[in-house]
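Protein chains: 2
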Amino acid sequence: MPPPPTAAQVLQPSDERRRQILAAARICFARAGFHGASMGQICAEAQMSPGALYRYFPSKDAIIEAIAEEERAGAVACMEHLRGPGSIADRLVATAMEYLASARDPESGGLMVEICSESLRNTTVGARFCELEEMVRATMRTAIAEARAHGEVPADLDLDVALTMIFAFGDGLMMRLQFERDVALEAIEPHLLRVVRALLRMDEA
Amino acid sequence: MPPPPTAAQVLQPSDERRRQILAAARICFARAGFHGASMGQICAEAQMSPGALYRYFPSKDAIIEAIAEEERAGAVACMEHLRGPGSIADRLVATAMEYLASARDPESGGLMVEICSESLRNTTVGARFCELEEMVRATMRTAIAEARAHGEVPADLDLDVALTMIFAFGDGLMMRLQFERDVALEAIEPHLLRVVRALLRMDEA
Chain A
1 MPPPPTAAQV LQPSDERRRQ ILAAARICFA RAGFHGASMG QICAEAQMSP
51 GALYRYFPSK DAIIEAIAEE ERAGAVACME HLRGPGSIAD RLVATAMEYL
101 ASARDPESGG LMVEICSESL RNTTVGARFC ELEEMVRATM RTAIAEARAH
151 GEVPADLDLD VALTMIFAFG DGLMMRLQFE RDVALEAIEP HLLRVVRALL
201 RMDEA
Chain B
1 MPPPPTAAQV LQPSDERRRQ ILAAARICFA RAGFHGASMG QICAEAQMSP
51 GALYRYFPSK DAIIEAIAEE ERAGAVACME HLRGPGSIAD RLVATAMEYL
101 ASARDPESGG LMVEICSESL RNTTVGARFC ELEEMVRATM RTAIAEARAH
151 GEVPADLDLD VALTMIFAFG DGLMMRLQFE RDVALEAIEP HLLRVVRALL
201 RMDEA
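Residue numbers (UniProt numbering), protein chains in the order written: chain A, 1 to 205; chain B, 1 to 205.
The following block contains the structure:
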């Protein structure tokens, strides 16, 4: 017979319960902002009692932390493409395409805009997501530096300016694809590849 | 002797007064959002009494409308570069550089993020700024279509996809340059030109 569950085990939400709460929270945060959305709204959206929700997540901060963790895991998954086949531009575009596809959901896309807004205001939430971006940027920087070492991009390429431009393009596309729902992701892929190649000055290498 | 001022003339703020109120409102909106900022906060920021402020702008909506009008005038001024010398890419980049320079002010940059956020949420404020963007987009579309007619860009260039990409890049740069204060605008200009040329497929024309 298995031992009875410990308190910690009892309080751990099942994967399904956790997914349900975080999905509801994303909707509420996207709609009303991290500050504007209340735990009460999240309960209503998740169709749970406050008692049940607080048992899983003791505060809004705990929910935000869990969403940041989901985003981190998503970013790591996207960056698997950096180890795939093809040129450095192909691999960066594959990474970006997966990110854009996951961000195109109207709810989570709205949340991305909230995250940008928090980052600009330099809030605690903003800082949490800036850390995540630093991780993504460092991984991409390593991949491009390796490509530079192999002569795939020019030796004098300024990695930091190139990365700033690539991230700017990623932010902008992520946001704009929320508005322009009729633009197919596949339609932008060749343009994205042209832009990344231009920013990495691959025709000069 | 001039006739006495009419009521309408008395209520019209002087240019300096107007500038002062709108600058204060931009700071408050950037800090707390269009919904979050109150007329009281705008008064405090402008160092004016509510009575004085309400005499000039009867509502927050009237202030937002005046800011939208300032943005429209700014956009028209930037687009003067589309009639300047150089290739279509040079002219688009000159337009973008003036926009980016004006948006780099920390306060108005923050406001731009609020505007994006409103547009995503499809609010009345968002719709007002979408109209402005439609105007800018139509003007740029005409300029690129003329360049296409002259053979400067390929005949099969999809103007709408190219414009979506250019606007995405503009949005993203505008936002990112708020965070990355140490990146000089002049440093990004050559990259911007490479990207616009790539998006317009000018090397194929």
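Built from N, CA and C at the ideal position, the CB exists for glycine as well.
Per DSSP, the unbroken alpha helix (DSSP H) holding T142 of chain A starts and ends at T124 to A149. Our two residues, E98 of chain B and C78 of chain B, have alpha carbons roughly 6 Å apart in a direct line. The region 109 to 126 of chain A and the region 113 to 122 of chain B touch, with no fewer than 3 CB-CB distances between them shorter than 8 Å. Nearest to P154 of chain A by alpha-carbon distance, out of A:A205, A:L53, A:A62 and A:G33, is A:A205. Residues M97, L100, A101, R104 and L177 of the same chain have their beta carbon placed closer than 8 Å to that of L185 of chain B, with the five preceding and five following residues left out of the count.
Residues of the region 142 to 156 of chain A with a C-beta less than 9 Å from any C-beta of chain B: none at all. Residue contact check for L173 of chain B against chain A: a CB pair falls below 8 Å. Rounded to the nearest angstrom, the Cβ distance from V93 of chain A to E189 of chain A is 7 Å, consistent with a contact under 8 Å. Where Q41 of chain A is concerned, the enclosing alpha helix (DSSP H) starts and stops at M39 to A46.
Taking the Cα positions, I67 of chain A is about 38 Å away from R197 of chain B. Cβ neighbours of R201 of chain B within its own chain (closer than 7 Å, five residues either side excluded): V153, P154 and L157.
The shortest CA-to-CA distance from G84 of chain A to any of A:A143, A:A162, A:G33 and A:R19 is the one to A:A143. Between A30 of chain B and G110 of chain B, the CB-CB gap stays under 8 Å. Taking a cut-off of 8 Å on C-beta distances, the region 158 to 170 of chain B does not touch the region 50 to 58 of chain B, as fewer than three cross pairs fall below it. Taking the Cα positions, G172 of chain B is about 13 Å away from V195 of chain B. Beyond the five residues adjoining it in sequence on each side, F57 of chain A comes within less than 6 Å, by CB distance, of I63 in the same chain, given in chain order.
With its beta carbon at least 8 Å from every one in chain B, V136 of chain A lies outside the interface. Residues of chain B with a Cβ closer than 9 Å to the Cβ of V125 of chain A do not exist; the shortest Cβ-Cβ separation is about 14 Å.
If you draw a 10 Å sphere on the C-beta of V136 of chain B, you find 16 or more other C-beta atoms in it, and that means buried. Per DSSP, the unbroken alpha helix (DSSP H) holding M97 of chain A starts and ends at I88 to A103. Relative to the Cα of R72 of chain A, the nearest Cα in the group A:A46, A:T139 and A:M39 belongs to A:T139. V93 of chain B is outside the set of residues whose beta carbon lies under 8 Å from a beta carbon in chain A.
Distance from the Cα of A162 of chain A is smallest, within the candidate group A:E180, A:G40 and A:L199, for A:L199. Contact annotation for V183 of chain B against chain A: D160, V161 and T164 [CB-CB distance below 9 Å, chain order]. In this structure A149 of chain B is exposed. Its beta-carbon is surrounded by fewer than 16 other beta-carbon atoms within 10 angstroms. With respect to A145 of chain A, L159 of chain A sits close: the two C-beta atoms are nearer than 8 Å. When secondary structure is reduced to three states using DSSP, D158 of chain A falls in the coil class, being assigned neither helix nor strand. Take the alpha-carbon of L82 of chain A and the one of V76 of chain A: they are about 10 Å apart. Residue contact with chain B for G74 of chain A: absent (no Cβ-Cβ distance below 8 Å to any residue of chain B).
The criterion of a C-beta distance shorter than 8 Å is satisfied by V125 of chain A and F34 of chain A. Taking C-beta atoms under 8 Å as the contact rule, A24 of chain A and A46 of chain A qualify, at a distance of about 4 Å. Per the coordinates, the alpha-carbon of E16 of chain A lies some 13 Å from the alpha-carbon of M48 of chain A. Put simply, the backbone Cα of A89 of chain B is about 24 Å away from that of M174 of chain A. Distance check between E70 of chain A and each of A:S14, A:A127, A:G86 and A:R18 places A:R18 closest, using alpha-carbon atoms only. Here R181 of chain B is exposed: its Cβ has fewer than 16 other Cβ atoms, across all protein chains shown, within 10 Å.
In the three-state reduction of the DSSP assignment, G84 of chain A falls in the coil class.
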